[in-house]
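So the sequences go chain by chain: L and C.
Once you know that position 268 of the first sequence is 270 in the working numbering, the rest is easy, because the numbers rise by one and skip nothing.
Once you know that position 42 of the second sequence is 44 in the working numbering, the rest is easy, because the numbers rise by one and skip nothing.
Protein chains: 2
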Amino acid sequence: MQLALDPDLSDYLIAPDPTAARLTRGVRGVDQDGAETHMQVVEERPLTIYLNRQEIVTAMTIGDYPEYLALGFLRNQRMLRPDDEITRVDYDEELETVVVRTARQTDYEDKMRRKTRTSGCAVGTVFGDMMEGLDEVRLPQTPVTTSALYALSARINRTPSLYLAAGAIHGTVLCQDDRALVYMEDVGRHNAVDKIAGWMLAERVGGADKILYTTGRLTSEMVIKTAMMGIPVLASRSGFTAWGVEIARKVGLTLIGRLKGRRFICLSGEERLLRDMDPASVAEEPRRSGRKGEA
Amino acid sequence: MQLALDPDLSDYLIAPDPTAARLTRGVRGVDQDGAETHMQVVEERPLTIYLNRQEIVTAMTIGDYPEYLALGFLRNQRMLRPDDEITRVDYDEELETVVVRTARQTDYEDKMRRKTRTSGCAVGTVFGDMMEGLDEVRLPQTPVTTSALYALSARINRTPSLYLAAGAIHGTVLCQDDRALVYMEDVGRHNAVDKIAGWMLAERVGGADKILYTTGRLTSEMVIKTAMMGIPVLASRSGFTAWGVEIARKVGLTLIGRLKGRRFICLSGEERLLRDMDPASVAEEPRRSGRKGEA
Numbered sequence: 003m004q005l006a007l008d009p010d011l012s013d014y015l016i017a018p019d020p021t022a023a024r025l026t027r028g029v030r031g032v033d034q035d036g037a038e039t040h041m042q043v044v045e046e047r048p049l050t051i052y053l054n055r056q057e058i059v060t061a062m063t064i065g066d067y068p069e070y071l072a073l074g075f076l077r078n079q080r081m082l083r084p085d086d087e088i089t090r091v092d093y094d095e096e097l098e099t100v101v102v103r104t105a106r107q108t109d110y111e112d113k114m115r116r117k118t119r120t121s122g123c124a125v126g127t128v129f130g131d132m133m134e135g136l137d138e139v140r141l142p143q144t145p146v147t148t149s150a151l152y153a154l155s156a157r158i159n160r161t162p163s164l165y166l167a168a169g170a171i172h173g174t175v176l177c178q179d180d181r182a183l184v185y186m187e188d189v190g191r192h193n194a195v196d197k198i199a200g201w202m203l204a205e206r207v208g209g210a211d212k213i214l215y216t217t218g219r220l221t222s223e224m225v226i227k228t229a230m231m232g233i234p235v236l237a238s239r240s241g242f243t244a245w246g247v248e249i250a251r252k253v254g255l256t257l258i259g260r261l262k263g264r265r266f267i268c269l270s271g272e273e274r275l276l277r278d279m280d281p282a283s284v285a286e287e288p289r290r291s292g293r294k295g296e297a
Numbered sequence: 003m004q005l006a007l008d009p010d011l012s013d014y015l016i017a018p019d020p021t022a023a024r025l026t027r028g029v030r031g032v033d034q035d036g037a038e039t040h041m042q043v044v045e046e047r048p049l050t051i052y053l054n055r056q057e058i059v060t061a062m063t064i065g066d067y068p069e070y071l072a073l074g075f076l077r078n079q080r081m082l083r084p085d086d087e088i089t090r091v092d093y094d095e096e097l098e099t100v101v102v103r104t105a106r107q108t109d110y111e112d113k114m115r116r117k118t119r120t121s122g123c124a125v126g127t128v129f130g131d132m133m134e135g136l137d138e139v140r141l142p143q144t145p146v147t148t149s150a151l152y153a154l155s156a157r158i159n160r161t162p163s164l165y166l167a168a169g170a171i172h173g174t175v176l177c178q179d180d181r182a183l184v185y186m187e188d189v190g191r192h193n194a195v196d197k198i199a200g201w202m203l204a205e206r207v208g209g210a211d212k213i214l215y216t217t218g219r220l221t222s223e224m225v226i227k228t229a230m231m232g233i234p235v236l237a238s239r240s241g242f243t244a245w246g247v248e249i250a251r252k253v254g255l256t257l258i259g260r261l262k263g264r265r266f267i268c269l270s271g272e273e274r275l276l277r278d279m280d281p282a283s284v285a286e287e288p289r290r291s292g293r294k295g296e297a
């Protein structure tokens, strides 16, 4: 069984579009009985990101919101500064490139010499010192109610998505109180987060009163990106890594994992939690929630 | 409920060690009721890989089998050639470095200029052209029986692992017929695959008669690494990406996904499948198989 999908997307500013032709492909195969099967699988295509004249990285992405992905990646890598004036962002679908242009002259030749291959699903390429800039991060003590966490979890799990349609994809959702605002998906979860960072940058939206929800693991890179975006709360239905917990505690970020049905575990920043709802009154998730549990 | 674990690891050459102190850390937190909880979370630590005098990459890894990880990473990046004489591999736990030394002089300055940030859980950093070398790959027509696939899936799901103990980790298993030989886990699944590639290189084990099983998605990078290792069959309980399927078909690799209980889907290389078992005779997985479905 699967959770009933909620077709009402009115609270979203950006919601997934499982029907977008460019994001999935129909393929033929056979099942265990040798019967021909047709299935939709998610696309995975290269996108090369340039900052002014310099080629920075080629990301493998599902391909939507390339401008947000480029802006968010460069911002989360601190190659774009908060005060940078972005003069142009040009996406070329044929060349599979995005060029971000700034008023400031940029050259990250040295920074790009040091590469870190980060972990698991949160994986990306981090240039320079991963922890760079974290010392300056000051996260506000914005409270988060447990009723909002439960509402967001239920809302997001019932939102029609590429994940539910094709699987093998990750979702990250920017939330405010109990409202899901921007729901991005990508084959690389780091891309989904960067697309949200890019949207926040382009729309000049701050993170202080937001909650970030991810379908994936709470690794060091997820925690660092969330902190860099100025968001004080990161929640997931998945689990933790030790370094993710350590960094969350260091920067004072509220880290909530294993958020399923009425259950969750908070391993950092409990002081923000406002327990305004009795967990016993929250419905458990059906045995199979429809989350395909792709890893 | 959870599958009964099978404590008999006698068929494994390398099995997971969920009890290894260095791989997980006990942390305190609170649950939804405010009750204090203790849980084990997996470690995530940097490991910097050198080839001779050149620093290649820093990987975030759980930290076991660093020598295999370094060897496998360099081999899968084709920085180590099949005929390279490896003169020494030195791991320094304190410095968190592995230095691989070869008789041949190496310099990958140019190759490292081009970086690709690959997808999702299969993510790593790929230097140079991802497809480089695939044209030379010739995969043997080794048949794979459906009875072996079912036996491996059941075996692996019942093997005590860090995944079942702490979650937030990926597993990759090198198999032969219906035997699971080497079961590696890591916070980065690309690391788990590279550790297996490193073991094969160090032990001079070929891939022609092997099956590779992964807990994660069948992305382009997983398919490419499997082909580079000369393994003709890649199976997973998770789903597919379009490019993963496309590359598998291009190199003639048998790609099996959604392998759960009696069910699976084959999207490439069906000609290797020997249907020697009636799927109806295979037990379905319990509703919750104990796989935490971390993403």
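Note that the Cβ used here is the ideal one computed from N, Cα and C, for glycine as well.
As the structure is a computational prediction, the values presented were derived from the model and not from experiment.
Ranked by how close their Cα comes to the Cα of C:M279, the residues C:F75, C:P20 and C:Y152 have C:Y152 in first place. Assignment of beta-bridge partners to L:R181 by DSSP yields L:Q178.
Not a single C-beta of chain C is nearer than 8 Å to the C-beta of L:T147.
When C-alpha distances from C:L257 are compared across C:L141, C:T99 and C:T104, the shortest belongs to C:L141. If you look at L:K262, you'll find it isn't in any alpha helix (DSSP H); it sits in the beta strand (DSSP E) that goes T256 to K262.
Taking 8 Å as the cut-off, the Cβ atoms of L:S283 and L:G246 do not count as close. With its beta carbon at least 8 Å from every one in chain L, C:P68 lies outside the interface. Between the stretch 205–217 of chain C and the stretch 154–171 of chain L there are fewer than three inter-stretch CB-CB distances shorter than 8 Å, so the stretches are not counted as touching. When rounded, the separation of the alpha-carbon atoms in C:E286 and C:Y52 is 46 Å.
Residue environment analysis places C:T148 among the buried positions, since at least 16 neighbouring C-beta atoms fall within 10 angstroms of its C-beta. Leaving aside the five residues that flank L:L214 on each side, the residues in its chain whose CB is nearer than 8 Å to its CB run, in chain order, T174, V175, L176, C177, V195, I198, T228, M231, I233, V235, L236 and A237. Residues of the stretch 10–39 of chain L with a C-beta less than 7 Å from any C-beta of chain C: R27, V29, G31, V32, D33, Q34, D35, G36 and T39, listed in chain order. Annotated as distal: C:A244 and C:V44, with beta-carbon spacing of 8 Å or more. Inter-segment contact for the stretch 31–46 of chain C and the stretch 9–18 of chain C is absent: fewer than three beta-carbon pairs are separated by less than 8 Å.
Within a 10 Å sphere around the beta-carbon of L:P68 sit 16 or more other beta-carbons, which makes this residue buried. For C:S222, the secondary structure class from DSSP, reduced to helix, strand or coil, is helix. The stretch 34–85 of chain C is shown to contain whole alpha helix (DSSP H) runs of 4 or more residues at 68–78, in chain order. Taking a Cβ-Cβ threshold of 7 Å, the residues of chain L close to C:V44 are T243 and A244, in chain order. Nearest CB-CB separation between L:I213 and chain C: not below the 8 Å threshold.
For the pair C:L49 and L:L7, the Cα-to-Cα distance works out to about 43 Å. Measuring C-alpha to C-alpha distances from L:T104 to each of L:L71, L:E134, L:G65 and L:Q56 identifies L:Q56 as the nearest. L:Y152 carries a helical assignment under DSSP once its states are collapsed to helix, strand and coil.
For C:G169, the neighbours in chain L by C-beta distance under 7 Å run, in chain order, G241.
When the five nearest sequence neighbours on each side are left out, the beta carbons in the same chain lying within less than 8 Å of the beta carbon of C:G241 are those of R219, L220, G259 and R260, in order along the chain.
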